[in-house]
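Below: one structure, written as structure tokens.
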């Protein structure tokens with residue numbers, strides 16, 4: 255006798271209890287604290303903040319703990335929380351030229367005003383497992399020096415003075431930047447919406463697109479004009495005050511990619527820009543974003559759009575890992591009604607083919 | 007019934023968001039079958055789990071509504087249970103599994119077998135709202151095609167099926183024309199359900215969360231499944247009835263009962279099957295009603 259399988263509330267509750275147990279792991283091992291994640295898994299926290307589009311290291315660390323370290327699941331948790339928050343104010347554009355940089359490099363000039371600052375980077379480490387970390391260790395204090403008085407102008411602005419690079423086009427007075435979280439994505443999207451989409455986009459997907467364009471499926475020939483990582487002040491102008499006040503600081507990674515451009519009928523030969531910006535410290539994402547940004551500007555420079563990384567609908571429609579992960583994994587939900595339709599179909603088609611064959615043999 | 011969780015607004019969404027969604031719904035009702043872009047929110051359930059339907063339900067549900075949620079026609083599938091619970095928690099509304107008693111029905115992949123009435127709203131969860139997507143992937147193009155009612159590609163697609171295989175092989179998400187104008191994806195319901203959409207007395211609302219589209223079929227609106235004069239639209243049929251309730255007029259699911267080819271067909275609409283068995287109908291594999299609760 256057949257009794258229909260019940261999904262049932264009990265099954266869901268039990269699954270959730272098992273999940274909590276699996277998350278905790280061996281109870282003999284001390285519980286991981288959110289502060290530990292925030293302080294020692296900083297790059298994971300930064301990625302969750304960037305793609306979750308919410309600057310809150312504590313909540314990002316909590317999300318990582320709850321998600322058992324799964325970045326995309328943690329990003330989803332942060333997004334679902336973020337969407338419930340009221341919009342209290344819009345900040346002024348942050349001034350990355352006044353960033354207190356902990357790292358700042360340019361691959362296009364040997365020396366630059368303000369200097370190159372290597373900062374905390376994996377770049378020149380030897381990737382050898384450090385077994386000393388197995389037992390826990392406290393690293394010796396790193397050398398430090400007081401910040402110099404010298405300003406740190408953006409490298410692209412230095413080129414800009416000679417007119418060698420396209421000018422940054424400021425938004426028209428009174429123009430409001432688009433916001434994907436408050437308006438549906440529509441095509442063609444403006445560069446503001448494209449950049450927001452890329453900033454929230456999956457790091458792996460954006461990296462893959464940038465890589466494809468570097469390998470020849472695209473036409474960017476980028477130089478890392480400048481990458482800087484550091485904190486900037488966030489200012490708002492409260493209506494009742496009428497002047498800007500600082501409401502906090504955020505850490506950002508900014509990348510300005512410089513690409514060649516041979517000129518067109520309307521534009522002289524000059525360098526062009528690709529821009530990347532992320533919350534926290536994430537150079538890989540910022541650089542990939544900058545390359546894809548430039549790649550998507552093909553129309554502006556009369557470049558033929560031939561490759562995926564140049565195709566706005568392809569790129570922007572598929573960057574969001576919360577959407578992608580959900581839609582992919584919804585295949586786990588029951589589809590037996592549709593599948594039954596396909597079964598009925600394929601059986602009918604097979605019957606038709608078989609009877610046609612029989613007829614052929616009879617003839 | 008659980009009391010609504012504190013900390014969130016009634017039915018989870020804030021009132022501003024509900025207003026935005028209601029505006030989209032009003033536009034959708036005014037232009038039947040037209041896909042209205044809306045600023046879909048991130049929901050606490052994953053995309054693909056019915057976030058569009060949930061947002062539509064959240065925007066139209068009231069404290070005096072009675073909600074029914076089905077997935078694959080069944081009230082007891084895990085996702086239906088999960089969504090029903092979500093609204094029990096956040097809106098504290100009454101829920102039911104009985105089609106007739108519900109004022110609001112959220113569904114994935116089915117239309118209930120019982121005829122719906124004017125007092126009811128049917129909310130569909132939609133994965134891909136664009137019926138032309140498989141012929142033209144670009145949104146910028148498909149929107150133009152809808153605007154110009156340029157639907158040749160769809161007819162060519164259906165014709166190609168006939169040319170290659172002798173029949174239209176689309177078995178679910180079978181395209182329809184609404185009110186003689188827009189071609190619309192009915193969501194992945196089996197084509198068996200398509201005729202129920204035609205002039206349905208209930209309001210039909212469609213929510214696609216990931217794709218951020220809402221569309222609608224107002225009550226008593228003409229909904230035609232696309233076909234050709236010499237290849238008229240037809241629905242699925244089975245040679246046997248439901249093994250439990252004996253119904254021969256309902257959509258059947260195939261249940262594999264062993265690994266030797268054994269299988270049985272049962273109603274996909276669990277409420278329909280229960281009601282029939284309560285009324286004394288039975289199929290070849292049914293225990294007397296009440297002995298083995300389904």
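Protein chains in written order, with this note's numbering: chain A, 255 to 617; chain B, 7 to 300. Ideal Cβ placement from N, Cα and C applies to all residues, glycine included.
Quick check: is the beta carbon of residue i nearer than 8 Å to any beta carbon in chain B?
| i | result |
| --- | --- |
| residue 587 of chain A | yes |
| residue 599 of chain A | yes |
| residue 285 of chain A | no |
| residue 594 of chain A | yes |
| residue 309 of chain A | no |
| residue 455 of chain A | no |
| residue 471 of chain A | no |
| residue 279 of chain A | no |
| residue 576 of chain A | yes |
| residue 452 of chain A | no |
| residue 567 of chain A | yes |
| residue 328 of chain A | no |
| residue 525 of chain A | no |
| residue 590 of chain A | yes |
Any Cβ of chain A within less than 8 Å of the Cβ of residue i?
| i | result |
| --- | --- |
| residue 8 of chain B | Residue placement at residue 8 of chain B cannot be trusted, given a pLDDT of 42 that sits under 50; what the coordinates show is reported in the next sentence. No, because no Cβ of chain A sits closer than 8 Å to the Cβ of residue 8 of chain B. |
| residue 222 of chain B | no |
| residue 46 of chain B | yes |
| residue 167 of chain B | no |
| residue 201 of chain B | no |
| residue 54 of chain B | yes |
| residue 83 of chain B | yes |
| residue 256 of chain B | no |
Is it buried or exposed for residue i, if we count other Cβ within 10 angstroms and need 16 for buried?
| i | result |
| --- | --- |
| residue 319 of chain A | buried |
| residue 297 of chain A | exposed |
| residue 55 of chain B | buried |
| residue 609 of chain A | exposed |
| residue 499 of chain A | exposed |
| residue 501 of chain A | exposed |
| residue 128 of chain B | buried |
| residue 301 of chain B | Since the first residue of chain B shown is 7 and the last is 300, residue 301 of chain B is not available in this structure. |
| residue 281 of chain B | buried |
| residue 550 of chain A | buried |
| residue 64 of chain B | buried |
| residue 9 of chain B | With a pLDDT of only 46 at residue 9 of chain B, under the threshold of 50, the placement of this residue in the model should not be trusted, and no figure is reported. |
| residue 586 of chain A | exposed |
| residue 606 of chain A | exposed |
| residue 364 of chain A | exposed |
| residue 267 of chain B | exposed |
| residue 299 of chain B | Confidence at residue 299 of chain B is low in this model, with a pLDDT of 49, below 50, so the placement of that residue is unreliable and no value is reported for it. |
Taking residue i as the reference, give the member of the options with the closest Cα.
| i | options | result |
| --- | --- | --- |
| residue 153 of chain B | B:188, B:250 and B:207 | B:188 |
| residue 111 of chain B | B:26, B:293 and B:277 | B:277 |
| residue 116 of chain B | B:27, B:244, B:202 and B:217 | B:202 |
| residue 158 of chain B | B:197, B:142 and B:169 | B:142 |
| residue 74 of chain B | B:288, B:275 and B:282 | B:275 |
| residue 40 of chain B | B:57, B:51 and B:137 | B:137 |
| residue 422 of chain A | A:408, A:605, A:589 and A:553 | A:408 |
| residue 330 of chain A | A:547, A:455, A:542 and A:479 | A:455 |
| residue 484 of chain A | A:475, A:414 and A:508 | A:508 |
| residue 174 of chain B | B:133, B:123 and B:234 | B:234 |
Closer than 8 Å by beta-carbon distance: list the chain C residues that pair up with residue i, in chain order.
| i | result |
| --- | --- |
| residue 218 of chain B | Structure shown: chain C not included; protein chains present are A and B. |
Determine the direct distance from the alpha carbon of residue j to that of residue i, and round the result to whole angstroms.
| i | j | result |
| --- | --- | --- |
| residue 528 of chain A | residue 333 of chain A | 27 Å |
| residue 145 of chain B | residue 220 of chain B | 15 Å |
| residue 477 of chain A | residue 566 of chain A | 22 Å |
| residue 614 of chain A | residue 171 of chain B | 17 Å |
| residue 596 of chain A | residue 177 of chain B | 6 Å |
| residue 276 of chain A | residue 321 of chain A | 11 Å |
| residue 368 of chain A | residue 360 of chain A | 11 Å |
| residue 372 of chain A | residue 358 of chain A | 6 Å |
| residue 376 of chain A | residue 383 of chain A | 13 Å |
| residue 232 of chain B | residue 469 of chain A | 45 Å |
| residue 283 of chain B | residue 151 of chain B | 48 Å |
| residue 195 of chain B | residue 109 of chain B | 21 Å |
| residue 104 of chain B | residue 96 of chain B | 21 Å |
| residue 118 of chain B | residue 459 of chain A | 40 Å |
Beta strand (DSSP E) runs wholly inside the stretch 326–412 of chain A, at least 3 long, in chain order = 354–359
Identify every run of the alpha helix (DSSP H) within the stretch 164–227 of chain B, keeping only runs that are complete inside it and at least 4 residues long; order them along the chain.
-> 200–203
Would you mind listing the alpha helix (DSSP H) stretches within the stretch 246–276 of chain B that are 4+ residues and don't spill past its ends, in chain order?
-> none
Jot down the residue ranges of each uninterrupted beta strand (DSSP E) in the stretch 116–148 of chain B, minimum 3 residues, whole runs only, in chain order.
-> 127–131
Quick one: which unbroken alpha helix (DSSP H) runs of 4-plus residues sit fully inside the stretch 46–108 of chain B? Chain order, please.
-> 57–66 and 84–97
Please go through the stretch 525–586 of chain A and give each complete beta strand (DSSP E) segment of 3 or more residues, from N-terminal end onward.
-> 526–533
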